[in-house]
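Colleague: Under numbering that gives the first Met the number 0, the first residue of the sequence shown is numbered 0, with each subsequent residue one higher.
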Amino acid sequence: MDGRSVRRNPYELTDESPVYVISVAAQLSGLHPQTLRQYDRLGLVSPDRTAGRGRRYSARDIELLRQVQQLSQDEGINLAGIKRIIELENQVAALKARVAELQAGLEGAAAAMQQREAAVHASYRRDLVPYEDVRQASALVVWRPKRTHE
């Protein structure tokens, strides 16, 4: 899996829909098509492929191309560093999604536990066992066993 979402409607266009050929992607990102090919070879931005192996870029890919260019030109980060940054950002996003998934599961389990606990408390038969606080009772009862050898 490459982390791209699966669309329910094949005709629905999203930010991840691979619709741009390399020349359009190059224009939209402000880069030369050869640069896009190099980024693909290095694994920085990997567009989808058609059956004929042609590259198809999504809006998300275009944004990533712009980010790579900005990190390279403005920040002076080399391509290996940019690749590592992208990998780490993807890992952080995946971990955030997993944390959200686990939190939702935990909240569901906690709600189910509270419901079961409430059901147990509701099943108590309080009328069968009268309760009197011993500290407030005024009577004192002393028990002495019967003597059987008299």
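Where is the CB? At the ideal position from N, CA and C, for every residue including glycine.
Remember, predicted model here, so these are calculated numbers, not experimental data.
#1: Hey, would you say GLY29 sits closer than 8 Å to GLN90, going by beta carbons?
#2: Run the CB neighbour count on LEU234, radius 10 Å, all protein chains shown included, and call it buried at 16 or more, exposed below.
#3: Is the region 52 to 60 close to the region 73 to 88, with three or more CB pairs under 8 Å?
#4: Tell me, please, whether the region 7 to 20 touches the region 37 to 45 by the rule of three or more beta-carbon pairs shorter than 8 Å.
#5: Can you tell me which of the three DSSP states TYR19 falls into?
#6: Look at the Cβ atom of LEU35, then the Cβ atom of ALA25, and state whether they are nearer than 8 Å.
#7: According to DSSP, which residues form a beta bridge with ARG48?
Modeller: Here's the rundown:
#1: no
#2: With the chain running from 0 to 149 in the structure shown, residue 234 is simply not present.
#3: no
#4: With the cut-off at 8 Å, the region 7 to 20 and the region 37 to 45 do not touch.
#5: strand
#6: yes
#7: Bridge partners of ARG48: ARG54.
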